[in-house]
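As structure tokens, the structure follows; a few thoughts come after it.
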Amino acid sequence: MAPPEAAPPAARGTASASAPTVLEARGVGKRFPGVVALDDVSFTLRAGETHALVGENGAGKSTLIKVLTGVHRPDAGELLLAGRPVGFARPAEAQAAGISTIYQEVNLVPLMSVARNVFLGREPKNRLRLIDFPRMHAEAAALLDGFGVTVDPRRPLHTLGLGTQQMVALARAVSVDARVVVMDEPTSSLEPREVETLFRVIEDLRRRNIAVVYVSHRMDELYRICDRVTVLRDGRHIHTGPLAELDRMQLVSMMLGREVSEVRRDGVTGFGADGHDVTRTPVLTAKNLVRRHQLDGVSLELHPGEVLGLGGLLGSGRSETAKALAGALSLDAGEVRVAGRPLARSSPAAAIRAGISLLPEDRKAEGIVPGLSVRENIVLAALPRLSRGGVVSRARQDRLVEIFVKRLRIKASSPEQKVGELSGGNQQKVLLARWLCLEPKVLLLDEPTRGIDVGAKAEVQALIDELAGEGLAVLLVSSDIEELVEGADRIVVLRNGGTVGELVGENVSEDALLAALADHAPPAETTETAPPAETTDAVETADAAETADAAETADAAETADAAETTDAAEAIETAEVTEATEVTEAAEVVEATEEDPR
Amino acid sequence: MTAQATAEPVRGEGEHGDGGPGGKSRGAGAGPGPGLPGTRGRGLLGRRGTAAWLQEYGVYAAVAALLLFNALFTDHFLTTDNLRTQLIQVAPIVIVALGMALVIGTEGVDLSVGSAMSLAAALLPLYLGYGLIPALLVALLSGALVGAVNGTLVSVVGLQPIVATLALFVGGRGLALVMADGQLKQIVNPDLLALGTGSLLGIPLVVLVAGVLALAVAFVVHRTTFGRQVVAIGGNRAAAALAGLPVKRVLTGVYILCGVLAALAGVLATARLTASDPSSLGTLMELSAITAVVVGGTPLSGGSIRVLGTVAGALLMQLLRATLVKHDLPDSTAQIAQAAIIIAAVYVARERRSR
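Sequences listed follow chains A and B, in order. Sequential numbering from 1 applies to the first sequence in my numbering. Sequential numbering from 1 applies to the second sequence in my numbering.
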């Protein structure tokens, strides 16, 4: 039923329907022990088109991509590249055939330089068959420059921000002679400006008649840049057609297999429409958190029963704030109080004892223990509470695990399945369960829905809503503006490691948040601890007398360092042009202080 | 139904009952993709199953096979006397390997176990005058100290385990020689000698101790908070730290346990020898222990500890050597055979990780 109607106007027409098919999968099947990941799926990709591949987790997107890029071999069906059947035994073979891939998580060598990463495996050689470094560096710099990224190609990759790393991955992918570029959630760690750059690159690819397979959960992006869409669900092909002929709700309903009206009623995110009853006295207060290079005066209050959003661009100190509150990042200055009592020591264990739990941003690196079972991952933090005399009670573990598997609807073959084998959404739920079984007072969620599918996303969002309703204080860090605005009762905005404003009431809107992030208009309410004031303060103290207050003098030095490195970081992550004046000012003041004869 | 009626017809394309192109390649060269699950076709599920079985039970099967071989083809092998000798010889290796398994489970390694043994051996005769118990305690304490130094260097200072334990691998034996004046000392204390030669219900005390310790370590690993934390830290240290686990304390504790177990092995070996010989006791022990752990199926990448596998690993190496010696093959052949076993074990483990 419900034939496509009232389609939004097509934004493009470059990829004509008559363009030759560059890559085709016919009746591809793939099964893993216990699961049919792909069942008779066909997929065609035309030269020069940007083809969206959508579906929930477990729909088979990742498997299809892996089949297309030679990571998996299909059990059934065939692949045709420019009309000729091909079989890739290894990703390298697919690459040689002109299929490049950018994975969701950056897949590069962190300790190698940017240039080496771009040219890994095909480095320019000089006459002695050695790597021609000057040429490699120059070419890498030129290539990245084309993406609007100015970065020293000799810098080790790991010193760059995630977004910049992603651009390096992109540069690598398109610099090989690619006919097809597969992008798996390329924007999940990019900030808006970098996304724009990415889209420019995709337009460029289109002009060069290179086909792009674009996997993303973000509808805005799909509608902006994709020509056609293929929807998968439960390993089966559901639909392929021009994206412009479908509206968002129809697309979502295909992905979820639910009726349009049903989706509409649920809203775009899983959050309820109403705010929460917020208790007046804060359960957690953070005052002037300072950490060299990262935080420069973050202050916030968190009340029981509210969802406080923490907004800010990449590098603004969102994750660092969350980590500092959870004791995972030591502070140079500032104070965290829980229920009025200062947090004695900065350690995750102390924070957990005080009732603070952090769901970290990087699920793989800091969240799951992939080799352990669902059960062991859930009870990890609660082990001491489940033990008597150091011996863990299996029965109590099982009871706890059963409750949370049911409540969070964790889909695993059994609690003994390894967490590493679960989908991203289910891994995230396992982590949520790990924290919820500690019965925390404060839940810090750093990008809780990043890289998980639509269904799980809505579930997680609904859960956040529910938890706040039960009186938990939730800090929601998200780069998804929609999620932040719909989920949060109040939003604190960070910039350059400091609190710059707060949105309350009607101002919790996408427009106001964008304005605050971009610093287009003064935020509705500004807290009294804006970073410039703080810097001046500190410098004055240092100026006054070195004997004055040792702590505050140190503070000033810290601020100076922070300002300088922020400056440096800024230069690299060119996308971030904001606040140059503020930083420069601070740096200047600092220089003046240093020259001051003592 | 819903709008999916518009979906393009999805057809079965020809016959493809039997895996795609080349779905049956068996060559070792074309191993599974880089850490990706299920890179093989359906046709290889059987092989995958075999590999999984080998990972799980390979060591035990190998031990059983070796025993069977000896029962059929080696004279006087399955005799109480011979088995007794084999078990007594393997006991110290088992004890050290248990500690090593814990350390390797945290993605570490302890090279200083041999030195800890020699240090314990050197200290024993110095304190035997106070009686067996005080001397034993001093010896074990020295092992704990070695472990505490290693653990601190690894967890607090943040050195890589191989480097941190290298310091005491070299220095520990030196210290032992200084304490013992570089001399071999005869042991005359009857209590200590009884520990080496005595038996209970026909089982040599040394073997009994090793057996009880194996069970104890298995219990610690699987059932205690400490054990689960060790495994979690080995599996993902950053995640464990964020989950509030006392990472430094647990790591230090693991190295201390390893040191104490090594010291105990040193005491038992000294009792067997009836002499304290700090210059040669426990040399190359670290490698025997690591071999037992690896052959037993504990991955060097941490996050999993196979205690009984470790015991079986030590037994396998011991029996292999004994078998070859009984068949009048030179020791060099035994070494080559052991190398083959190690490579096979690592190969099987590699398959495991790629799943």
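Heads up, the beta-carbon is just placed ideally off N, CA and C, and yes, glycines get one too.
By the rule that beta-carbons nearer than 7 Å mark a contact, L408/A does not touch chain B. At least one CB atom of chain B sits nearer than 7 Å to the CB of P384/A. Every beta strand (DSSP E) stretch that sits fully inside the region 457-508 of chain A and reaches 3 residues is listed by chain position as 473-477, 490-495, 498-504.
Annotation: N496/A to Q294/A spans about 8 Å, alpha carbon to alpha carbon. Pairing R236/A with D39/A gives a Cβ-Cβ distance under 7 Å. With a threshold of 7 Å between beta carbons, E306/A makes no contact with chain B.
The beta-bridge partner set that DSSP reports for R236/A consists of R233/A.
In the three-state reduction of the DSSP assignment, Q55/B falls in the helix class. Three or more beta-carbon pairs separated by less than 8 Å are not found between the region 324-342 of chain A and the region 486-501 of chain A, which leaves the two stretches without contact. For L242/B, the closest Cβ of chain A is nearer than 7 Å. Within the same chain, A91, V94, I95 come within 7 Å of A210/B by CB-CB distance, once the 5 residues on both sides are set aside.
In the DSSP annotation of this structure, the continuous segment of the alpha helix (DSSP H) that includes N377/A starts and ends at 374-379. For A59/A, the CB contacts under 6 Å within the same chain, skipping 5 residues up- and downstream, are L232, R233 in chain order.
At a beta-carbon threshold of 7 Å, none of the residues of chain A lie near S155/B; the nearest stands roughly 14 Å away. Beta-bridge analysis with DSSP links Y214/A to A52/A, M183/A. Between H51/A and R224/A, the gap from beta carbon to beta carbon reaches 7 Å or more. Below 8 Å, enough C-beta pairs join the region 302-322 of chain A and the region 488-495 of chain A to call them touching: three or more.
Under the criterion of beta carbons closer than 8 Å, L111/B and L166/B qualify as touching, at roughly 5 Å.
E93/A sits away from R26/A, with the two beta carbons spaced by 7 Å or more.
When DSSP states are grouped into helix, strand and coil, E301/A belongs to the strand group. Distance from the CA atom of G389/A to the CA atom of G143/B, rounded to whole angstroms, is 25 Å. The beta-carbon of A232/B is placed less than 7 Å from the nearest beta-carbon of chain A. No Cβ of chain B is located within less than 7 Å of the beta carbon of P186/A. Where I99/A is concerned, the enclosing beta strand (DSSP E) starts and stops at 99-102. Annotated three-state conformation of E24/A is strand, per DSSP.
Residues of chain A whose Cβ lies closer than 9 Å to the Cβ of G303/B are, in chain order, V369, P370, G371, L372.
Fewer than three beta-carbon pairs drawn from the region 83-98 of chain A and the region 133-150 of chain A are found closer than 8 Å, and the two stretches are therefore not classed as touching. The beta-carbon of S509/A is placed no less than 7 Å from the nearest beta-carbon of chain B. Under the 8 Å Cβ criterion, the region 147-164 of chain B counts as touching the region 247-258 of chain B, having at least three qualifying pairs. Taking the CA atoms as reference points, R337/A sits about 46 Å from A214/B. At a cut-off of 7 Å between C-beta atoms, S387/A counts as an interface residue with respect to chain B. For R237/B, not one C-beta of chain A is nearer than 7 Å to its own C-beta. Non-local C-beta neighbours of T285/A in its own chain, meaning closer than 6 Å and more than five positions away in sequence, comprise E301, R337, ordered along the chain.
Assignment of beta-bridge partners to R84/A by DSSP yields L81/A.
A37/A and V374/A have their C-alpha atoms spaced approximately 21 Å apart. Taking 8 Å as the Cβ-Cβ cut-off, the region 403-434 of chain A approaches chain B at E421, R434, given in chain order.
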